[in-house]
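Single-structure report; data block below.
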Amino acid sequence: MRRYLLPEYIVERDDLKCTRCKICVEQCTYGVHNYNAIKNMIESRSELCVDCLRCVLFCPVNAITVRRNPNVYKENYHWTYEFITSIKRQADTGSALLSGMGCDKQNLTYWDKLLLNACQVTNPPIDPIREPIEIRTYLGGKPKMLEFEFNDEDITLGTKLGPCLCAETPILFAAMSYGALNLNVHEALARAAVDCGTYFNCGEGGLHPSLYKYSDHTIVQVASGRFGVDLKYLSVGAAIEIKIGQGAKPGIGGHLPGEKVSDDIAMVRMIPAGTDAISPAPHHDIYSIEDLRQLIYALKETVEYTKPVAVKIAAVHNSAAIASGIVRAGADIIVLDGVRGATGAAPKAIRDNVGIPIELAVASVDQRLRDEGVRDEVSLIASGGIRSSADVVKAVALGADAVYIGTAALIAMGCTLCQKCYTGKCPWGIATTDPEISKRLNPEDAYKRVVNLVKAWSIEIKEMLGAMGMDAIESLRGNREQLRGVGLTDRELEILGVKMAGE
Amino acid sequence: MYARREHAGSYSDDKILGSCALFGMMNLTCERFSSKEPVHAISCMRERGNGLGGGFAIYGIYPDLADLYAFHVMYMDPLSRRRAEKNLMRDFRILLSEEIPTKESNEFLDPPTFWRYFLEPKPSKLRDENVSSDEYVVRRVMGINTGVRGAYVISSGKDMGVFKGIGFPEDIADFFRLNEYRGYMWICHARFPTNTPGWWGGAHPFSILDWSVAHNGELSSYGVNRRYLEMEGYGCAMKTDTEVLAYALDLLARRHNIPIELIAKVFAPPYWEEIDAMKPKERLTFAALRRVYGSLMMNGPFSIIAARHGEMIGLTDRKKLRPLIGGMRGDFLYISSEESAIRSISPSLDKVVRPYGGEIIVGRLRDLRVMETPTLVGRVYA
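Residue numbers (the numbering used here), protein chains in the order written: chain A, 981 to 1483; chain B, 32 to 413.
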């Protein structure tokens, strides 16, 4: 059947510059560039291009340009290019459309409508170069109050605090599984977590034995497929996260096609090589909140109450009520993953249409937990599409204790958001388990880039805190007085709990 | 007059910011003294105020009625008094009520009226609610301040009272005829509100039960302090950051039974770097304080004088972005924004205390040692 799809991109080559070095041929994992020996020319098949820009960046003479195909369907605000293309693709294949990374739709980002405060005159801004500004963040359950015992002049702390994570910056690395990513990426994230004094979440595919040495900075995940979960795995991490849902695909479990399940991945996941690793949509031992409580306590018992247990949910319509139940079920940390949360593979329809923006979810969960008087008994991690230090600061001001970053860390390593992770051919060597392509990602280099990113953001967070006149991040947490909204309706402002700019 | 917002939702928390003068004076042997010296001292720092707020908290003023809660209530209009008194009569046995005597004055344009009530909780109500009478009083005060339009309970302790309003402190002292009162401890405040016009209820000191706080500074952390206290049942109605200090003191000292030296470490905690370097037991204690009470850290420049019966403290933020100095002479402890104010009434001093940022000055009745924080750190064990 002839395909009726327009090539999405046009690959152009300045033939006068091209030296026929064939680097682009080697670098493209999608087979766009081919060397024609007879013509001594490199030919490009534009229709295969995904705009990953690998060839553009690697061409030593800057001979390649990739641009959007200027051929467009007749302008139509309702039947946009995306819808027409999707229909044509589905008419070709008869299958659900897959996509990688997070939802890319307009109008779902509130960060850009929120502005931060700064000191002028009545209190002095603090200069982070000259004064300490503290962004250390403890994550875990807390008692509502402390009790002290008094004997004569001695004061003794009588309350024992539960286990917690201590992050030197409120930025943690989000769950991305071994299988979706290769070992080089995991190693880079783990080492970066150690260097930055923060944590990396190994995701639902288990933890490779070679990474156990970084386990003090590892959060191990227990998802519905239970891949790689055994006593050692649970005991080795700094915290355990139960994954109920994921912002990119609320209501669906992770899918790893058998082609990506190599021997090593099979070993870590504890499944036969080459089999599909399909996590069920629900945990089949959790059909309601009381079952979640059992799993939380089963895990706590397993590790003898030495590690905090987190529960990760996708931000959906009634997240606030769910979060309140999760606190009461005994979780120490709640992770909220918003509609922008990314993935290696998700049905496009779900990725783009299910879930709610993280900004609204954090605001409503934080408020709900306060209304019920339990906010300070748990920590809240916001996740899903955090793009900058300003997003982090705004998330904390709305009510999060910390954030997870996934996409941002991958972009630091080279990802260009071409959204083709599900093909397993990631030309940047990230979302691939192909041993040859995986070599493209040098863990040493990637780890340094991620450390640089976190360090840079941490400096910026301190700058913004200092500008607001605060020298510790706990004074920003839930401090919506430091935020103002622009271009939002009264209702949006009300749910975010912030005033209009100018008020 | 400041219009009260009808829907005090979670996002309507206007606050009034300012920079001000503080003065506190305490007789450590509980000898009561007149307004002359404290008013003189605070008016000496006229430059630090701007006439948009002055106030006093005086301890030991109602010795004959010391067993009863003394409510000072500010009414913006006659209707508000009727509404509030309906509540008061429902919840309390009122043994005495009277308008607080004030001086006729042209200084003030349309001042609110001030009443005081000497009362105790109705025993039956107290039984029904099954709480201590202090807790009962706090709840009723919150009920009036956030629920009855135009009525504000500005003090609610026993044998103490707050007098405050718009004006320079000496004008307020005149207005309330403070020369007729004697107390063993005076907390004085001159206000310089900057971001919004002053209003009578926004003047300092702020008070709940017998705690009162006068504050110089601005709390950048106000947003989270307020939300934390709301979670604990404290409604913030006065639209000023200082209010949270009074409620935080009540919460930590009365309900959580935390000694004042450690409360100072909640408001102005040591840096993590310092905590990490402490001995293990102290480290546990101070880390726990920061983890559990991080939302009550008072971030931003402040110096405060806070008091309750028998105790007066001075504290600054940990970077010491506002001035504070203490002095002693004989049985008297003075805490002030400026040394000149102390010297204006006591030119020679036995001892001058200049605390570092985050260090607390504590004066206790019948205890002539004035504590500074370093002695404390050594004696906290976990």
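By construction, the Cβ of each residue, glycine as well, lies at the ideal position given by its N, Cα and C atoms.
> What span of residues does the beta strand (DSSP E) with A:Asp1134 cover, start to end?
Replying inline: That run of the beta strand (DSSP E) goes 1134 to 1137.
> In this structure, what does DSSP give as the bridge partners for A:Ala1392?
Replying inline: Checking the DSSP bridge columns, you'll see A:Ala1392 has no partner listed.
>> Spatial neighbours of B:Lys46 within its chain, please: C-beta separation below 6 angstroms, excluding the five flanking residues on both sides.
In response: Because B:Lys46 carries a pLDDT of 44, less than 50, the predicted location of this residue cannot be relied on, and no value is offered for it.
> So the beta strand (DSSP E) B:Asn58 belongs to, where does it begin and stop?
Replying inline: Residues 52 to 58.
>> Short of 8 angstroms Cβ to Cβ, which residues in the region 1134 to 1145 of chain A face chain B?
In response: Those residues of the region 1134 to 1145 of chain A that come within reach of chain B (Cβ to Cβ, closer than 8 angstroms) are Asp1134, Ile1135, Thr1136, Leu1137, Thr1139, Leu1141, Cys1144.
>> With a threshold of 8 angstroms between beta carbons, is A:Arg1460 in contact with chain B?
In response: It does; some Cβ of chain B falls within 8 angstroms.
> Expressed to the nearest angstrom, what Euclidean distance is found between the alpha-carbon atoms of A:Leu1152 and A:Ile1199?
Replying inline: Going by the C-alpha atoms only, they are around 10 angstroms apart.
> Within this structure, are the beta carbons of A:Ala1382 and A:Val1430 separated by less than 8 angstroms?
Replying inline: In this structure, A:Ala1382 keeps its C-beta atom at 8 angstroms or more from the C-beta atom of A:Val1430.
> Thinking C-alpha only, which one of A:Asn1014, A:Glu1339, A:Arg1320 is nearest A:Arg1460?
Replying inline: Out of A:Asn1014, A:Glu1339, A:Arg1320, A:Glu1339 has the C-alpha closest to the C-alpha of A:Arg1460.
> Would a check of beta-carbon distances place A:Ala1219 closer than 8 angstroms to chain B?
Replying inline: It does not; no Cβ of chain B falls within 8 angstroms.
>> Which of the three DSSP states is assigned to A:Asn1298 in this structure?
In response: In this structure, DSSP gives A:Asn1298 a state outside helix and strand, which the three-state scheme calls coil.
> Across which residues does DSSP place A:Ala1219 in a beta bridge pair?
Replying inline: The partner list for A:Ala1219 (beta bridge, DSSP) reads A:Ile1199.
> With a cut-off of 8 angstroms, do at least 3 Cβ pairs link the region 63 to 73 of chain B to the region 167 to 180 of chain B?
Replying inline: With the cut-off at 8 angstroms, the region 63 to 73 of chain B and the region 167 to 180 of chain B do not touch.
> In whole angstroms, what separates the C-alpha of A:Ala1278 from that of A:Gly1467?
Replying inline: Their backbone Cα atoms lie some 47 angstroms apart in a straight line.
> Which residues, in chain order, does the region 1097 to 1126 of chain A contribute to contact with chain B at a C-beta distance below 9 angstroms?
Replying inline: For the region 1097 to 1126 of chain A, the beta-carbon criterion of a distance under 9 angstroms to any beta-carbon of chain B is satisfied by Asn1097, Cys1099, Val1101, Thr1102, Asn1103, Pro1104, Ile1106, Glu1111, Pro1112, Glu1114, Arg1116, Tyr1118, Gly1120, Lys1122, Pro1123, Lys1124, Met1125, Leu1126.
> From the beta carbon of A:Gly1467, is the nearest beta carbon of chain B less than 8 angstroms away?
Replying inline: By this cut-off, A:Gly1467 is not an interface position.
>> Whole angstroms are fine: how far does the CA of A:Ile1439 sit from the CA of A:Ala1380?
In response: Each residue's alpha carbon lies about 19 angstroms from the other.
> In chain order, what residues of the same chain have a beta carbon less than 6 angstroms from the beta carbon of A:Asp1258, not counting five sequence neighbours either side?
Replying inline: The sequence as given places Ile at residue 1258 of chain A; Asp does not occur at that position. If the five residues before and after A:Ile1258 are omitted, its C-beta is found closer than 6 angstroms to the C-beta atoms of His1235, all from its own chain and listed in chain order.
>> At the level of alpha carbons, what is the spacing between A:Cys1144 and B:Ala319?
In response: A:Cys1144 and B:Ala319 have their alpha carbons spaced roughly 11 angstroms apart.
>> I want to see whether chain B comes within less than 8 angstroms of A:Asp1356, judged by CB atoms only; does it?
In response: A:Asp1356 counts as touching chain B.
> What residues in the region 342 to 369 of chain B have a beta carbon less than 7 angstroms from any beta carbon of chain A?
Replying inline: Taking 7 angstroms as the Cβ-Cβ cut-off against chain A, the residues of the region 342 to 369 of chain B that qualify are Lys350, Leu352.
> Bridge partners of B:Ile391, per DSSP?
Replying inline: In the DSSP output, where bridge partners are listed per residue, B:Ile391 has B:Leu346.
> CB-CB under 7 angstroms to A:Asp994, same chain, minus the five flanking residues each way: which ones, in chain order?
Replying inline: Short of 7 angstroms from the beta carbon of A:Asp994, and not among the five residues preceding or following it, lie these beta carbons of its own chain, in chain order: Ala1043.
> Got a sec: which bits of the region 1351 to 1377 of chain A sit with their beta carbon under 7 angstroms from any beta carbon on chain B, in order along the chain?
Replying inline: Listed by position, the residues of the region 1351 to 1377 of chain A near chain B (Cβ gap below 7 angstroms) are Gly1353, Arg1355, Asp1356.
> Should B:Met329 and B:Asn247 be called a contact, given that it needs their Cβ atoms to be closer than 8 angstroms?
Replying inline: Cβ distance not < 8 angstroms, so B:Met329 and B:Asn247 don't count as in contact.
> If you run the structure through DSSP and keep just helix, strand and coil, what is B:Trp217?
Replying inline: Three-state result, B:Trp217: strand.
>> So B:Val323 contacts chain A; which residues on that side make the cut at Cβ distance below 9 angstroms?
In response: Contact annotation for B:Val323 against chain A: Lys1122, Pro1123, Lys1124, Met1125, Leu1126, Thr1139, Leu1141, Asp1356 [CB-CB distance below 9 angstroms, chain order].
> Any idea what DSSP makes of A:Asp1271, helix, strand or coil?
Replying inline: Three-state result, A:Asp1271: helix.
> Would a C-beta distance cut-off of 8 angstroms place B:Leu282 and B:Trp242 closer than the cut-off?
Replying inline: Their beta carbons are not under 8 angstroms apart, which means B:Leu282 does not touch B:Trp242 by this criterion.
>> Please classify B:Leu140 as buried or exposed, where buried requires at least 16 other C-beta atoms within 10 Å of its C-beta.
In response: Classification of B:Leu140: exposed, given that the 10 Å Cβ count is below 16.
>> Quick test of your reading: B:Ala338 and B:Ile185, contact by CB under 8 angstroms. State the CB separation rounded to the nearest angstrom.
In response: Incorrect: roughly 15 angstroms between the Cβ atoms, too far for contact.
> From the beta carbon of B:Gly40, is the nearest beta carbon of chain A less than 8 angstroms away?
Replying inline: Caution applies to B:Gly40, whose pLDDT of 38 falls short of 50 and renders its modelled position unreliable; the value that the coordinates give is listed next. For B:Gly40, at least one C-beta of chain A is nearer than 8 angstroms to its own C-beta.
>> Can you confirm whether the region 1258 to 1267 of chain A touches the region 1221 to 1235 of chain A when touching is taken to mean that 3 or more C-beta pairs between the two stretches lie within less than 8 angstroms?
In response: They touch, by the three-pair rule.
>> Strictly under 8 angstroms for the Cβ-Cβ distance: is B:Asn330 near chain A by that measure?
In response: Interface residue, yes.
>> If we define contact as Cβ-Cβ less than 8 angstroms, is A:Glu1339 a contact residue for chain B?
In response: With 8 angstroms as the cut-off, A:Glu1339 does not count as an interface residue toward chain B.
> Quick check: the region 1393 to 1400 of chain A against the region 1016 to 1034 of chain A, are there 3 or more CB pairs under 8 angstroms?
Replying inline: The answer is yes - the region 1016 to 1034 of chain A touches the region 1393 to 1400 of chain A, with three or more Cβ pairs under 8 angstroms.
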